[in-house]
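Q: Got a structure for you, questions after.
Residue numbers (our numbering): 6 to 223.
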């Protein structure tokens, strides 16, 4: 919340104001300021439970993170890029100096979704909209109105962050996050969810270890 005061427009005569009125004026001003500060702190402060480190968050962080003792950030990022591209993801953004990468791929609904050979089957179909009932089989509409909504495409994205190890340790911690998105036939984005299969992340880190080894040999 942005609050602006125009000081030049305030022309209160403090000299000729008696003590009682001066105190009343100051108290009124203080109340107004406190109300503004309260509103700002209410809107800007996140709920306490949003910062709480729950057991679920700890388990998810452990699943998505691994430590590597390689000290060359650029070499490590090159290995990450090779692994991601081997899974047919298109790299959209990469910053080897900072240690960030974002890649994705989009599938038609009739095509299988998999990551390291493991199918991702979290599919949701919404075959009706506006009261028009339709029957769907994959991307094909068997019956129903033209306004029927269905998931036409799915997008899978991979975000990778490289963080230097703490406590004077050499190497980097790699954090990987894989998300899925539904795209309906009218073009809008539907459900977005995080992939939580531990085996998918384990396969990613296994492939990364192999890529690092092959780079060192070459």
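Backbone N, C-alpha and C define an ideal beta-carbon position, used for all residues, glycine too.
Throw me the rounded Cβ distance for the residue 186 and residue 159 pair, which I believe falls under 8 Å.
A: Sequence index remark: in the chain shown, residue 186 carries index 181 (1-based). Sequence index remark: in the chain shown, residue 159 carries index 154 (1-based). With a Cβ gap of about 7 Å, residue 186 and residue 159 count as contacting.
Q: Inspect the beta-carbon positions of residue 298 and residue 217 and report whether they are closer than 8 Å.
A: No answer is possible for residue 298: it lies beyond the span of the chain, which begins at 6 and ends at 223.
Q: Residue 89 by DSSP, collapsed to three states: which one?
A: The sequence position of residue 89 within the chain shown is 84, counting from 1. It is helical.
Q: Along the chain, where does the beta strand (DSSP E) containing residue 194 start, and where does it finish?
A: Here the question's residue 194 lines up with position 189 in the chain shown. Element bounds for residue 194: 194–199.
Q: Is it true that the CB of residue 156 sits closer than 8 Å to the CB of residue 195?
A: Your numbering for residue 195 matches position 190 in the chain shown. Your numbering for residue 156 matches position 151 in the chain shown. Yes, Cβ-Cβ distance for residue 195 and residue 156 is below 8 Å.
Q: Verify whether the separation of the beta carbon atoms of residue 162 and residue 91 is less than 8 Å.
A: Within the chain shown, numbered from 1, the residue matching residue 162 stands at position 157. Within the chain shown, numbered from 1, the residue matching residue 91 stands at position 86. No, the Cβ-Cβ distance between residue 162 and residue 91 is not below 8 Å.
Q: Quick one: grab the DSSP three-state call for residue 171.
A: Along the chain shown, one-based indexing puts residue 171 at 166. In the structure shown, residue 171 sits in coil (DSSP, three-state: anything other than H, G, I, E or B).
Q: If I follow the unbroken alpha helix (DSSP H) through residue 112, where does it start and stop?
A: Sequence index remark: in the chain shown, residue 112 carries index 107 (1-based). Run containing residue 112: none in the alpha helix (DSSP H); it sits in the beta strand (DSSP E), 105–113.
Q: Could you name the residues of the same chain whose beta carbon sits closer than 7 Å to that of residue 80, not counting the 5 residues immediately before and after it, in chain order?
A: For the purposes of this step, residue 80 is identified with residue 75 of the chain shown, where counting begins at 1. For residue 80, where only same-chain residues beyond five positions count, the Cβ hits under 7 Å are 220.
Q: What does a CB cutoff of less than 8 Å around residue 78 pick up in its chain, not counting 5 residues either side in sequence?
A: Your numbering for residue 78 matches position 73 in the chain shown. Correct list, in chain order: 101, 102, 104, 167 and 177.
Q: Given a threshold of 16 other Cβ atoms within 10 Å of its Cβ, counted over all protein chains shown, does residue 58 qualify as buried or as exposed?
A: The residue labelled residue 58 in the question sits at position 53 within the chain shown. Exposed, by the Cβ-count rule.
Q: Between residue 89 and residue 96, which are expected to be in contact by the criterion C-beta below 8 Å, what is the C-beta distance as a whole number of angstroms?
A: Residue mapping note: residue 89 aligns to position 84 of the chain shown, counting from 1. Residue mapping note: residue 96 aligns to position 91 of the chain shown, counting from 1. Sure, about 7 Å apart at Cβ, within 8 Å.
Q: If we ignore side chains and look at the alpha-carbon of each, how far apart do residue 142 and residue 113 end up?
A: Along the chain shown, read from residue 1 onward, the residue named residue 142 stands at position 137. Along the chain shown, read from residue 1 onward, the residue named residue 113 stands at position 108. A caution first: residue 142 carries a pLDDT of 45, below 50, which makes its placement in the model too unreliable to give a value.
Q: For residue 174 and residue 72, I'd like the C-alpha separation in whole angstroms.
A: Start at 1 with the first residue of the chain shown, and residue 174 comes out as number 169. Start at 1 with the first residue of the chain shown, and residue 72 comes out as number 67. Cα-Cα distance, rounded: 10 Å.
Q: Go ahead and pull the three-state DSSP assignment for residue 121.
A: Taking the chain shown and counting its residues from 1, the one referred to as residue 121 is at position 116. Coil at residue 121, not helix or strand.
Q: Checking 8 Å against the spacing of the C-beta atoms, do residue 85 and residue 213 come in under that value?
A: As a working note, residue 85 is residue 80 in the chain shown. As a working note, residue 213 is residue 208 in the chain shown. Yes, these two residues count as a Cβ contact at 8 Å.
Q: Does the separation of the CB atoms of residue 3 and residue 205 fall below 8 Å?
A: Examination of residue 3 is not possible in this model, given that the chain is present from 6 through 223 alone.
Q: Can you grab the Cα-Cα spacing for the pair residue 132 / residue 170, in whole Å?
A: By 1-based counting over the chain shown, the position of residue 132 is 127. By 1-based counting over the chain shown, the position of residue 170 is 165. Since pLDDT at residue 132 reaches only 41, below the 50 mark, its modelled position is unreliable, and the value read off the structure follows with that caveat. Cα to Cα, the separation comes out at about 48 Å.
Q: Residue 207 to residue 65, Cα distance in whole Å?
A: For the purposes of this step, residue 207 is identified with residue 202 of the chain shown, where counting begins at 1. For the purposes of this step, residue 65 is identified with residue 60 of the chain shown, where counting begins at 1. Computed Cα separation, rounded: 12 Å.
Q: Please report how far the alpha carbon of residue 127 lies from the alpha carbon of residue 209, in whole angstroms.
A: Within the chain shown, numbered from 1, the residue matching residue 127 stands at position 122. Within the chain shown, numbered from 1, the residue matching residue 209 stands at position 204. The predicted model places residue 127 with a pLDDT of 47, which falls under 50 and marks its position as unreliable, so this point remains unresolved.
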